[in-house]
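Inspection log for the structure reproduced underneath, given as structure tokens.
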């Protein structure tokens with residue numbers, strides 16, 4: 042499949058979430074109840090999947106698939122704003138979210154960046170050079 046195929050399927054889904062699901066969540070649940078739901082989602086997710094959530098927070102253009110517009114600073118700024126909004130303590134950035142973002146980078150970003158460059162993805166050295 043190509044990125045255009047992916048975009049064809051994903052953008053309507055994401056649009057539906059933003060235009061229908063999110064307003065329904067806000068209409069029928071208090072912020073505390075919604076926060077509890079977000080907490081359950083974060084607690085049950087796999088690191089790379091959760092990392093994608095935080096990684097794309099850092100995109101200047103949420104509709105862009107090119108990873109070149111995403112920086113460490115933009116990711117951290119957007120994620121810490123989300124954390125403050127949801128009442129998530131600051132240290133969670135260091136003990137969880139930062140690792141989730143790295144898991145997403147290792148699993149997906151290198152592949153997407155290679156696709157945009159038109160070259161095969163490079164293999165990265167494992168963490169700590171041993172595993």
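Residue numbers (this note's numbering): 42 to 172.
No residue lacks a Cβ here, since even glycine has one placed at the ideal position from N, Cα and C.
Exposed unless 16 or more other CB atoms sit within 10 angstroms - verdict on residue i
i, result
"residue 61", "exposed"
"residue 100", "buried"
"residue 159", "exposed"
"residue 146", "buried"
"residue 70", "exposed"
Residue i versus residue j: straight-line alpha-carbon distance, rounded
i, j, result
"residue 45", "residue 127", "34 Å"
"residue 74", "residue 94", "20 Å"
"residue 152", "residue 120", "23 Å"
"residue 88", "residue 57", "25 Å"
"residue 133", "residue 91", "13 Å"
"residue 130", "residue 138", "11 Å"
"residue 84", "residue 161", "34 Å"
"residue 102", "residue 110", "8 Å"
"residue 50", "residue 141", "25 Å"
"residue 116", "residue 125", "14 Å"
Rounded Cβ spacing between residue i and residue j (contact assumed at less than 8 Å)
i, j, result
"residue 108", "residue 77", "Incorrect: roughly 32 Å between the Cβ atoms, too far for contact."
Taking the runs of the alpha helix (DSSP H) that are 4 residues or longer, which of them lie wholly in the region 69–144? 72–85, 88–98 and 113–127
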